[in-house]
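Residue numbers (the working numbering), protein chains in the order written: chain A, 41 to 261; chain B, 41 to 261.
Working notes for the structure below.
Protein chains: 2
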Amino acid sequence: MSTAEAARRGVPDAAVARLPGYLRALTALAADDVASVSSEELAAAAGVSSAMLRKDLSYLGSYGVRGVGYDVERLASEIAAALGLTQDWPVAIVGMGNLGRALAAYRGFAERGFRVIALLDHDERVVGDEVAGETVRPMEDLPRLVEEQGLAIGVIATPPEGAQAACDHLVAAGVRSVLNFAAVVLAVPEDVTVRKVDLSTELQILAFHGHRGALAEAVAP
Amino acid sequence: MSTAEAARRGVPDAAVARLPGYLRALTALAADDVASVSSEELAAAAGVSSAMLRKDLSYLGSYGVRGVGYDVERLASEIAAALGLTQDWPVAIVGMGNLGRALAAYRGFAERGFRVIALLDHDERVVGDEVAGETVRPMEDLPRLVEEQGLAIGVIATPPEGAQAACDHLVAAGVRSVLNFAAVVLAVPEDVTVRKVDLSTELQILAFHGHRGALAEAVAP
DNA sequence: GCGACTTTGTGCCTCCCTTCACAAAGTCGT
DNA sequence: ACGACTTTGTGAAGGGAGGCACAAAGTCGC
Chain A
41 MSTAEAARRG VPDAAVARLP GYLRALTALA ADDVASVSSE ELAAAAGVSS AMLRKDLSYL
101 GSYGVRGVGY DVERLASEIA AALGLTQDWP VAIVGMGNLG RALAAYRGFA ERGFRVIALL
161 DHDERVVGDE VAGETVRPME DLPRLVEEQG LAIGVIATPP EGAQAACDHL VAAGVRSVLN
221 FAAVVLAVPE DVTVRKVDLS TELQILAFHG HRGALAEAVA P
Chain B
41 MSTAEAARRG VPDAAVARLP GYLRALTALA ADDVASVSSE ELAAAAGVSS AMLRKDLSYL
101 GSYGVRGVGY DVERLASEIA AALGLTQDWP VAIVGMGNLG RALAAYRGFA ERGFRVIALL
161 DHDERVVGDE VAGETVRPME DLPRLVEEQG LAIGVIATPP EGAQAACDHL VAAGVRSVLN
221 FAAVVLAVPE DVTVRKVDLS TELQILAFHG HRGALAEAVA P
């Protein structure tokens, strides 16, 4: 089964969400000059069960060797290919408030072909400011960024009120992948993919578990 | 069914993860002086189906009125109670690099009873620095923060190499809820809840979808 | 006070994901 | 060259979550 076939048949979303974890574990192994790894070892490194790892990898193809395991370099490159990480992914960050500036300064984006090519804000008082060595641009620059630089991913770091407008700008310019840090549900055409990251939600889920743990203790000590 | 009963019976994790979204939508409605809302309307605001919303809420109890809908204030307060947001949740941020400083400055934490009570770092060259109006403390302060201030949630914003050590410090001090921004899988005792937020993973998932979209187009235009 | 209407709460069904378990396949020692 | 051993890849079973559809329950108008 070729990579193209696998992509056409469709990898379950749940499996896709784990692939980056496998890739990271493999990269770490490669850095330690490990040449080969079993599903058991790799699964432990990625924090999943070995059966799940094997099934996930089987969606991509047969890249292991029975009785031996997986070639680290080879598997890493296959996963990277499946994720589409062989190409460059230009990223723009919209909203230069506290969070936006933090994201602009954060090095995590630079990994794996994600390049922050522009910082934008709709507020003309912020446009022109220098943030993390880049000049903040107006929203009107978006269409040009898409056409001339192949901008593909937009990161929304605006306050909740401005998020939908920012998203609309991105979509109108042709961006079809959005990472949303604002605490709102964004409405988008169905060919646009949105992923949401919300610190407040995460904390509230943690609160539930902490709360629940304390309660369970009180009920059945 | 009382809240305590509901908590004992157990709300599915998938439902818990959506409760913060409902709560946020309700808070927005309350701010607009809306007194009552139907499952259809609330579901739309939270971006889920009405059937799912009703099922999720049914895990908490029967707080709706048939033929009418839900009382906004009442439901908000029931969800807040279920999530454990009636109490205060002191939070500590560990790791004062780029990301840690950003999180310290980010106001999103202040919502809903989450108070950042301490910023920590293991590097003595950073300890004592002023970040977002707070003095950075050494890791050794953790046990005291737990005992004297009820510290309950730890946020890990260290580089990947230091994340496990930071987590061990938190757990040893008695923290049982951890929000992990580092790109590693943390090993913890089973009574500790860890949630992971990873920008790189999110971007890679977006890359997959962008990639796949382009591929599907090429195959069947 | 009663009937028509609205909207919730939930039993049931379906689908997808995870886990189990084993046959297939390849390696390594002799 | 062959047999014992290891580890993958996958068919089948099991479990859980989401959607459907309707009975139950309460409101509102008359």
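Quick reminder that beta carbons are idealized off the backbone N, C-alpha and C, glycines included.
Bear in mind the structure is a predicted one, so any value in this text is a computation, not a measurement.
According to the Cβ coordinates, are residue i and residue j closer than 7 Å?
i, j, result
"Gln-244 of chain B", "Pro-60 of chain A", "yes"
"Ala-172 of chain B", "Ala-145 of chain B", "yes"
"Ala-83 of chain B", "Leu-69 of chain B", "no"
"Thr-198 of chain A", "Ala-223 of chain A", "no"
"Gly-109 of chain B", "Ser-76 of chain B", "yes"
"Gly-148 of chain A", "Val-225 of chain B", "no"
"Ala-158 of chain A", "Arg-184 of chain A", "no"
"Ala-65 of chain B", "Ala-91 of chain B", "no"
"Ala-150 of chain A", "Leu-182 of chain A", "no"
"Glu-242 of chain A", "Leu-219 of chain B", "yes"
Would you kindly work out how many angstroms separate the C-alpha atoms of residue i and residue j, rounded to a whole number?
i, j, result
"Gly-135 of chain B", "His-249 of chain B", "32 Å"
"Val-186 of chain A", "Ile-133 of chain A", "13 Å"
"Leu-123 of chain B", "Glu-80 of chain A", "36 Å"
"Arg-58 of chain A", "Cys-207 of chain A", "26 Å"
"Asp-128 of chain B", "Gly-190 of chain B", "9 Å"
"Val-234 of chain B", "Asp-73 of chain B", "37 Å"
"Ala-192 of chain A", "Arg-216 of chain A", "7 Å"
"His-162 of chain B", "Arg-141 of chain A", "25 Å"
"Leu-210 of chain A", "Ile-196 of chain A", "9 Å"
"Gly-137 of chain A", "Asp-111 of chain A", "44 Å"
"Thr-43 of chain A", "Ala-54 of chain A", "With a pLDDT of 45 at Thr-43 of chain A, under the threshold of 50, the modelled position of that residue is not reliable, and no figure is offered here."
"Asp-169 of chain B", "Val-166 of chain A", "28 Å"
"Ser-117 of chain A", "Arg-152 of chain A", "12 Å"
"Gly-194 of chain B", "Val-51 of chain A", "34 Å"
"Ala-227 of chain B", "Glu-230 of chain A", "38 Å"
"Leu-180 of chain A", "Ala-247 of chain B", "With the sequence shown as reference, residue 180 of chain A is identified as Glu, and Leu is not the correct amino acid for it. In a straight line, the C-alpha of Glu-180 of chain A is about 24 Å away from that of Ala-247 of chain B."
"Gly-39 of chain A", "Ser-240 of chain A", "The structure shown does not extend to residue 39 of chain A, since chain A is modelled only from 41 through 261, so no value can be given for it."
"His-251 of chain B", "Leu-125 of chain A", "9 Å"
"Ser-89 of chain A", "Leu-63 of chain A", "16 Å"
"Phe-154 of chain A", "Gly-202 of chain A", "25 Å"
"Lys-95 of chain A", "Val-56 of chain A", "12 Å"
"Thr-175 of chain B", "Thr-67 of chain B", "33 Å"
"Arg-106 of chain A", "Glu-113 of chain A", "17 Å"
"Val-78 of chain B", "Ser-98 of chain B", "It should be pointed out that residue 78 of chain B corresponds to Ser in this sequence rather than to Val. Rounded to the nearest angstrom, the two C-alpha atoms are 14 Å apart."
"Pro-261 of chain A", "Val-156 of chain A", "Unreliable positioning characterises Pro-261 of chain A in this predicted model, as indicated by a pLDDT of 47, which lies under 50. A coordinate reading is not provided."
"Val-237 of chain B", "Val-131 of chain B", "16 Å"
"Leu-115 of chain B", "Glu-188 of chain B", "33 Å"
"Leu-143 of chain A", "Glu-164 of chain A", "20 Å"
Along chain B, in chain order, which residues have C-beta atoms closer than 7 Å to that of residue i?
i, result
"His-249 of chain A", "Ser-217 and Thr-233"
"Asp-133 of chain A", "Just to set this straight, residue 133 of chain A is Ile in the shown sequence, not Asp. Simply none; closest approach about 11 Å."
"Val-237 of chain A", "Val-237 and Glu-242"
Determine the extent of the alpha helix (DSSP H) in which residue i is found, giving its start and end residues.
i, result
"Val-211 of chain A", "200 to 213"
"Ser-79 of chain B", "79 to 86"
"Ser-90 of chain A", "90 to 100"
"Arg-141 of chain B", "138 to 145"
Quick check on the DSSP output: the beta strand (DSSP E) that includes residue i runs from which residue to which?
i, result
"Asp-111 of chain B", "109 to 111"
"Thr-67 of chain B", "Segment 53 to 71 is the alpha helix (DSSP H) holding Thr-67 of chain B; no beta strand (DSSP E) there."
"Leu-185 of chain B", "Here Leu-185 of chain B belongs to no beta strand (DSSP E); instead the alpha helix (DSSP H) covers 182 to 189."
"Phe-154 of chain A", "154 to 160"
"Leu-219 of chain B", "217 to 220"
"Pro-130 of chain A", "129 to 134"
"Gly-173 of chain A", "Gly-173 of chain A -> no beta strand (DSSP E), and no H or E assigned at all."
"Gly-194 of chain B", "193 to 196"
"Thr-126 of chain B", "Taken as a continuous stretch (DSSP letters only), Thr-126 of chain B belongs to no beta strand (DSSP E), as it is neither H nor E."
"Val-234 of chain B", "233 to 236"
Name the chain A residues whose beta carbon is nearer than 7 Å to that of residue i?
i, result
"Val-56 of chain B", "Ile-245 and Phe-248"
Who are the neighbours of residue i on chain B, taking C-beta pairs under 8 Å?
i, result
"Ala-223 of chain A", "Arg-64 and Gly-148"
"Gly-61 of chain A", "Val-225 and Thr-241"
TODO: Below 8 Å between beta carbons is the criterion; list the residues of the segment 137 to 151 of chain A that meet it against any residue of chain B, in chain order.
DONE: Within the segment 137 to 151 of chain A, contact with chain B at the beta-carbon level (separation under 8 Å) is assigned to Asn-138, Leu-139, Arg-141, Ala-142, Leu-143, Ala-145, Tyr-146, Arg-147, Gly-148, Phe-149 and Glu-151.
Task: Interface positions of the segment 174 to 193 of chain A facing chain B (Cβ-Cβ less than 9 Å), listed along the chain - done: Of all residues in the segment 174 to 193 of chain A, Ala-192 and Ile-193 have a Cβ within less than 9 Å of some Cβ in chain B.
- [ ] Note down, in chain order, all residues in the segment 83 to 103 of chain B with a beta-carbon under 8 Å from any beta-carbon belonging to chain A.
- [x] The residues in question are Ala-85, Ala-86 and Gly-87.
Open item on the list: Counting only Cβ-Cβ distances shorter than 7 Å, please list the residues of the segment 108 to 128 of chain A near chain B, keeping chain order.
Closed with: Residues of the segment 108 to 128 of chain A with a C-beta less than 7 Å from any C-beta of chain B: Leu-123, Gly-124 and Leu-125, listed in chain order.
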